[in-house]
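Below: one structure, written as structure tokens.
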Amino acid sequence: MISPRTQSILYFVCAAFGLACVMFGSYQLGYSKGYDLKESELKECAEEVSSGCPNVTSYAVMLEKENARLNKACRKKTQRAAD
């Protein structure tokens, strides 16, 4: 028969080991998911660069058009205020 003190110590050791296993498993799962996400983002970026960055170019063109529209609107308001 195991003494109550030895039994308590054994329960504590088992609980600590179980908690350590859960924590390590959670860490590994999170690390793996994070790694997979970063890897997929890196592949997407590499594909974008290898195809000449069409999304970046189209975005830059769209920004330039919007900037020209806003400048035109500002000029109109400035002219109205001066009149």
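With this note's numbering applied, the sequence shown covers 141 to 223.
By construction, the Cβ of each residue, glycine as well, lies at the ideal position given by its N, Cα and C atoms.
- Beyond the five residues adjoining it in sequence on each side, Lys183 comes within less than 7 Å, by CB distance, of no other residue in the same chain.
- Glu188 and Asn195 do touch by the CB rule: their CB atoms are close to 6 Å apart, below 8 Å.
- Sequence-distant partners of Leu150 (beyond 5 residues in either direction) whose C-beta falls short of 8 Å from its own C-beta, in its chain, are Ile142.
- Rounded to whole angstroms, Cys185 and Gln147 show a C-alpha spacing of 57 Å.
- If you draw a straight line from the Cα of Ala222 to the Cα of Glu206, it comes to about 24 Å.
- When DSSP states are grouped into helix, strand and coil, Ile142 belongs to the coil group.
- Going by DSSP, Ser191 is part of no alpha helix (DSSP H) at all; its letter is neither H nor E.
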